[in-house]
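Report on one structure; see the data block that follows.
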Amino acid sequence: MTNLVVRGRTWKFGKNISTDLIMPGAILWGHVRGEGRKAAIMPNRPGWAASEVRPGDIIVADTNFGCGSSRPAPRILREELGVAAVVAESFSRLFQRNAVNIGFPVLICPGIVAAVEEGDEIEVNVDTGVVRNLTRGTEIRGEAYPPDSPPGQLLRMGGLRPFLERWLEEHPEVKAKREAARR
Amino acid sequence: MGMTMAEKILASRSGKSVVAPGEYVWAKVDGTGVFGPIPMMEELGIEQVYDTARVYAVDDHFAPSPTVERANAHKALKDFATKYGIENYFEYGRHGILHQVFPEHGYVSPGDLIVSVDSHSTSYGCFNAMGAPIMEELSFVVITGQLWMRVPPSIKFTLAGTLPAYCVGKDVMLKIAADYGTDVAVYKSVEFLGPVAAQLSLGSRFTMSNMGVEIGAKCAIFEADDKTYEFLEGRMKREPQPVSPDPDARYEAEYTVDCTNLEPMVALPHDPSNSHPVAAVESERLRVDQAFLGSCTNARVEDIAVAAKILQGRQVHPDVRMIVTPASSEVWHECARLGYWEVLSAAGAMITNPGCGACPGGHLGLLADQERCISSSNRNFQGRMGSPLAEVCLASPATVAASAIKGYIADPREFM
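If you read the sequences in order, they're chains A and B. First residue of the first sequence? That's 12 in this note's numbering, and the numbers climb one at a time after it. First residue of the second sequence? That's 10 in this note's numbering, and the numbers climb one at a time after it.
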């Protein structure tokens, strides 16, 4: 289960933050390892990944966050930096799908850039879509995932593995047909 | 109510007569590519892929393997293909960039829904198919043969006027990125229509569908015509089911791009939207260290032909290294047959083995700190092709060749 309500300190990023920034080729292709990995993340903001961002922090971004290549960029944010959620004006479709498939809360929230100053404490509720700015006492509503929609299910179940297992249970003919074919 | 091309394909593949934007559907997938083993199959006791004829395997990002780690990854892919009986595995020498190799072998027909790992899976739109990138959920597709999709809103780009002879699809796409921004199509179906869409070569359409993802698109579709079938005939594995938009199809937005006065374009760092006419930046004499003609965007026979024509009897500037990486083994072979390699190597360019080459910053031409590359590839994000302190500028093959000769970013028209 993914925790659908998270609170944290915010970091703000601009438009078109690409997966080449979040997960540079140097990391993806194994040219840097160990401590060098963190230093390579977000070269547009030197020092941020290595020493500024802390586990539990939340990224607030402008449009098209996570654009570009097909890379496990949501995993880098969550697993290497401990980022708790990303709220953006919009996401690259591929980044968004990759995020919900690992149960990483990402929320589209038009107006979020104006509603948050960097460092503000916010609470993100992916279930209702509501983002509360705890520092300023304001509230804004993003695009909640309908609970019965596939992305809503993926987020609630915690990612692809349980989602796929349930699908296989609901479609016993898939395994059965293949077993029959083998006989 | 009428439907757009994307809506028709999603309706057809989800067994519905009509679908509407925002709706979630379960769609049957016509094909997908794999690039490594899928551990979840063994973990869940799944012994077969959904269809051994519709799962394709090729290693394109590192061909041939530059390190033991990559060699082991390559072997793991091969072992996976063998174990699961994947019929379409491409060993080095018959390989190439997936988006080039798969259509060459007929795995894409008009009306298909193709989902594949790699953001440039939008490329299949040039064949009137819906191509959409995926990643984390590849195992789901390979096991079940289907995937949930959200029906995207569609937007229409009418490519109007007449495209000048010295411009190609790349110039049109960079112009669109400059004028409308790289987020204009986020999570939308882009549909290219109008007289210039028909005028464009299939290769130029490939470039534009490929770079659809650079403006955020889920898919970027052209209609099928004689040019589509000229390439696909004799290759296609499935009957085409072409789609065209209904006259009353609903488009969320419609844009008209007048191509008549288009000039060769170049995208300066670090975003494709930072595009300008080459003529407007030529006076800045932007020094070029590397000229890269490669990638799934522009490394087909027609792209290499343009460069060979420009470089015929000329020399690459002494300070420039020009690297030419054909998109596939078939392209490599055809360029050899047509004599392009002789022309380009005589001009001082380096011809490499087929594959993704330098584009994703893995091997075959990474950039050093403070270097600048003029590239026929698709994206110029910071750090894309090596050092985060390097710069990548995007342009057509003609502009890449002209810049290689002059040693700075240069308008190709004087050579054409």
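We put the CB at the ideal spot given by N, CA and C, even for glycine. As the structure is a computational prediction, the values presented were derived from the model and not from experiment.
Where does K49 of chain A fall in DSSP's three states?
Collapsing the DSSP output to three states places K49 of chain A in a helix.
Within the continuous alpha helix (DSSP H) that includes N81 of chain B, where are the two ends?
77-92
9 Å Cβ cutoff met for M50 of chain B and V151 of chain B
yes
From B:E423, B:A411, B:K17, B:P397, residue whose alpha carbon lies closest to that of M34 of chain A:
B:P397
Determine the burial state of L122 of chain B: buried for a count of at least 16 other Cβ atoms within 10 Å of its Cβ, exposed for fewer.
buried
Distance, Q155 of chain B Cα to L165 of chain A Cα
16 Å
Output, in chain order, the set of chain A residues within a Cβ distance shorter than 8 Å of S148 of chain B.
L171, L175
Helix or strand or just coil, what does DSSP make of Y98 of chain B?
The three-state secondary structure of Y98 of chain B, taken from DSSP, is strand.
Taking the alpha-carbon positions, what's the M359 of chain B to E146 of chain B distance?
38 Å
Closest to I113 of chain A by CA distance: which of A:R167, A:N27, A:G130, A:F76 is it?
A:R167
Take G67 of chain A and list the residues in its own chain whose beta-carbon comes closer than 7 Å to its own, dropping the five residues that flank it on each side.
G19, G93, A95
Counting only runs that start and end within the stretch 203-275 of chain B, where is the alpha helix (DSSP H) found for 4 or more residues in a row?
List check, alpha helix (DSSP H) in window: 204-208, 211-219, 235-241.
In terms of residues, what are the limits of the beta strand (DSSP E) holding S284 of chain B?
284-286
Looking at the C-beta of A141 of chain B, does it have a partner C-beta in chain A at a distance below 9 Å?
Yes - at least one Cβ of chain A is within 9 Å of the one on A141 of chain B.
What's the call for L86 of chain B, buried or exposed, on a 16-neighbour Cβ count within 10 Å?
buried
Which of helix, strand or coil does DSSP assign to P142 of chain B?
strand
Taking 9 Å as the CB-CB limit, is G197 of chain A close to chain B?
Look at the range of chain A in this structure, 12 to 194, and you will see that residue 197 of chain A is not part of it.
For a contact defined as C-beta to C-beta under 8 Å, what are the partners of P35 of chain A on chain B?
G370, G392, P397
Measure the alpha-carbon distance for T216 of chain B versus T171 of chain B and round it to whole angstroms.
Cα to Cα, the separation comes out at about 18 Å.
Endpoints, alpha helix (DSSP H) assigned at Q164 of chain A
Element bounds for Q164 of chain A: 161-168.
Leaving out the 5 sequence neighbours to the left and right, which residues in its chain are closer than 6 Å to P162 of chain A when beta-carbon positions are compared?
Cβ-Cβ distances below 6 Å link P162 of chain A to V111, Y156 in the same chain, with the five nearest sequence neighbours on each side left out; the list follows chain order.
In angstroms, rounded to a whole number, what distance separates the CA positions of D127 of chain B and I151 of chain A?
34 Å
Do R108 of chain A and D131 of chain A have their C-beta atoms within less than 9 Å of each other?
no
Where S101 of chain A meets chain B, residues with beta-carbon distance less than 7 Å
D192, V195
Could you tell me which of A:D159, A:E128, A:A125, A:C120 sits nearest to V142 of chain A, measuring between CA atoms?
A:C120
Pull up the distance between the alpha-carbon of G58 of chain A and that of E128 of chain A, whole angstroms please.
20 Å
Closer than 9 Å to chain B by CB, R108 of chain A
yes
Any beta carbon of chain A sitting closer than 9 Å to that of T153 of chain B?
Output row for T153 of chain B: interface = yes.
Excluding five sequence neighbours on each side, which residues of the same chain lie with their C-beta closer than 7 Å to the C-beta of L32 of chain A?
M53, P54, N55
Could you tell me which of B:F390, B:M274, B:Y65 sits nearest to Y173 of chain B, measuring between CA atoms?
The residue asked about is misnamed: residue 173 of chain B is Pro in this sequence, not Tyr. Comparing Cα-Cα distances from P173 of chain B to each of B:F390, B:M274, B:Y65, the minimum goes to B:M274.
So H108 of chain B and N219 of chain B are supposed to be a Cβ contact under 8 Å. How far apart are they, rounded?
7 Å
Nearest-angstrom Cβ-Cβ length linking V195 of chain B and S80 of chain A, presumed shorter than 8 Å
Their Cβ separation, rounded to whole angstroms, is 16 Å, which puts V195 of chain B and S80 of chain A out of contact at 8 Å.
Would you identify the three-state DSSP class for C78 of chain A, choosing helix, strand or coil?
strand
Apply the 10 Å Cβ neighbour rule to S163 of chain B and answer buried if 16 or more other Cβ atoms are within range, or exposed otherwise.
The residue in question, S163 of chain B, is buried, as its Cβ has 16 or more Cβ neighbours within 10 Å.
Given that W157 of chain B touches chain A, what residues does it touch there, using C-beta distances under 7 Å?
P161
If contact means a Cβ-Cβ distance below 8 Å, which residues of the stretch 93-125 of chain B contact chain A?
none
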